[in-house]
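These notes concern the structure reproduced below.
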Amino acid sequence: MHKLHCLAQETKVQTHISLSLNNTYSCYTFLTYISAYMAFFIRSHVEANAALFTRKSKD
């Protein structure tokens, strides 16, 4: 009986570890996604501003 309880605890710990790894991974994926989106947004914003700026300086 005691052995079974020990095994259950181990399984619980392993599940917890895999869950937290999964959470870390999804958090990392989320952050990567957000930073990629931000980089894209900033780049398009800068390009739009640059286009406006060059258009203004041409006039």
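Residues in the sequence shown are numbered consecutively from 348, following our numbering. Positions of the beta carbon are idealized from the N, C-alpha and C atoms, including for glycine.
Any chain D beta carbon closer than 8 angstroms to residue i
i      : result
Ala383 : Looking for chain D here will not work: only one protein chain is present.
Same chain, Cβ closer than 7 angstroms to residue i, neighbours up to 5 away in sequence not counted
i      : result
Leu366 : none
Own chain residues within Cβ distance below 8 angstroms of residue i, not counting five before or after
i      : result
Lys359 : none
Which complete beta strand (DSSP E) runs does the region 351-382 hold, if anything under 3 residues is left out?
none
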